[in-house]
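Take a look at the structure below.
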Amino acid sequence: MKSKFAKKIALVTGANRGIGFETSKQLSQFGLKVILTARDRIKGENATKKLKDQGLDVIFYELDVTDKENITNVCNTIEEKFSRLDVLVNNAAILYDPYQSALNADLEIVNQALRTNLYGPWLLCQAFIPLMKRNNYGRIVNVSSGAGSLHYMNGGAPAYGISKVALNALTRKLASKLAGTNILVNSIDPGWVATDMGGKGGRPVAEGAKGIVWACLLPNNGPSGGFFYDGQTERW
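Numbering (the numbering used here), first residue to last: 289 to 524.
Dropping the structure here:
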């Protein structure tokens, strides 16, 4: 599928399976070159091969979003090889913890969730925004959750939910600092999706990824600093 997005480059974290894998697939089908990343090299390479076997333009980089040195090395490699990154999808996330409550949560588990679900995206944004500024173009998509909405908040899954609330706050702060540029930053709630993390009974992965892809392909006058579900405004 050819399109006006054919020369753009996207990086998707946590993309060896689930929503990240499907997002990589759909972006590739729109003509973007996709850098599929994952912590596990073998799983990441196998996922990349599946998409390449479909004729899609996907390459693999090993990336642990909690490792600042690893992030810096990947950023330097992309800058040297492509001189640009147009789309950053912060999808990698861990620790959906419905077995905990806010009353008795193990704060070390909460800290682990924050390291991946908040600090990882934050480090990646700090690494790649200068490159986006240089090219006057960027779409940053933070994959959030309904569990991160204060409107729907309850006492369960505290590590995961609080990490996603914080990710939404990061979206707002980055969007504010980037106002007036052509770098748009948004949070996306993909809904309850049938993945290894989401479990059975959720919506199909392809449907969950569509809202993410929508935010990746926003026009220059598109929204920034928002929280969306299937392209519609979600309650914070």
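From the three backbone atoms N, C-alpha and C, an ideal C-beta is built for every residue, glycine too.
I need the DSSP call for Ile542, collapsed to helix, strand or coil. There is simply no residue 542 to check, as the chain begins at 289 and stops at 524 in what is shown.
If contacts are defined as beta-carbon pairs under 8 Å, then Leu462 and Ile428 qualify, I think. What distance do you get, rounded to the angstrom? 7 Å between Cβ atoms; contact.
Please name the residue, chosen from Gln314, Trp480, Lys296, that lies closest to Ala303 on a Cα-to-Cα basis. When each option's Cα is compared against that of Ala303, the closest is Gln314.
Should Thr521 go down as buried or exposed, given a rule of 16 or more other Cβ atoms within 10 Å for buried? Burial is judged here by how many other beta carbons sit within 10 angstroms of a residue's own beta carbon; Thr521 has fewer than 16 and is exposed.
Can you find a heavy atom of the ligand PLP that lies under 8 Å from the Cβ of Gly514? Absence of the ligand PLP is noted for the structure shown, with no ligands found whatsoever.
Near Gly434, what residues of its chain come up, given a Cβ to Cβ distance below 8 Å and the 5 sequence neighbours on each side ignored? Counting only Cβ-Cβ distances below 8 Å, and skipping sequence neighbours, we find Tyr440, Asp477, Gly479, Trp480, Tyr517, Glu522.
Sub-9 Å separation of Pro511 and Asn474 beta-carbons: For Pro511 and Asn474, yes; Cβs fall inside 9 Å.
Environment of Ser432 [buried if 16+ CB atoms lie within 10 Å]: Residue environment for Ser432: buried (at least 16 other C-beta atoms within 10 angstroms of its C-beta).
Counting Cβ pairs, one atom from each stretch, are 3 or more of them under 8 Å apart for the segment 351–366 and the segment 388–395? The segment 351–366 is not in contact with the segment 388–395.
In angstroms with no decimal places, state the Cα-to-Cα distance between Glu368 and Thr354. The straight-line gap separating the alpha-carbon atoms of Glu368 and Thr354 is approximately 22 Å.
What do you reckon, are the CB atoms on Thr469 and Gly513 nearer than 9 Å? No; because the gap between Cβ atoms is not below 9 Å, this pair is not in contact.
With C-beta atoms as the reference, is Ala380 less than 9 Å away from Arg305? One thing to note: Ala380 has its Cβ no nearer than 9 Å to the Cβ of Arg305.
Alpha-carbon to alpha-carbon, Asn442 and Lys295: Cα-Cα distance, rounded: 43 Å.
Looking only at its chain, what residues have a beta carbon closer than 6 Å to the beta carbon of Asn430, apart from the 5 residues adjacent to it on each side? Here the set comprises Asn378, Pro409, Leu455, Thr459, Ser475.
I need the boundaries of the beta strand (DSSP E) containing Phe348, first residue and last residue. In the DSSP assignment, Phe348 falls within the beta strand (DSSP E) that extends over 346–350.
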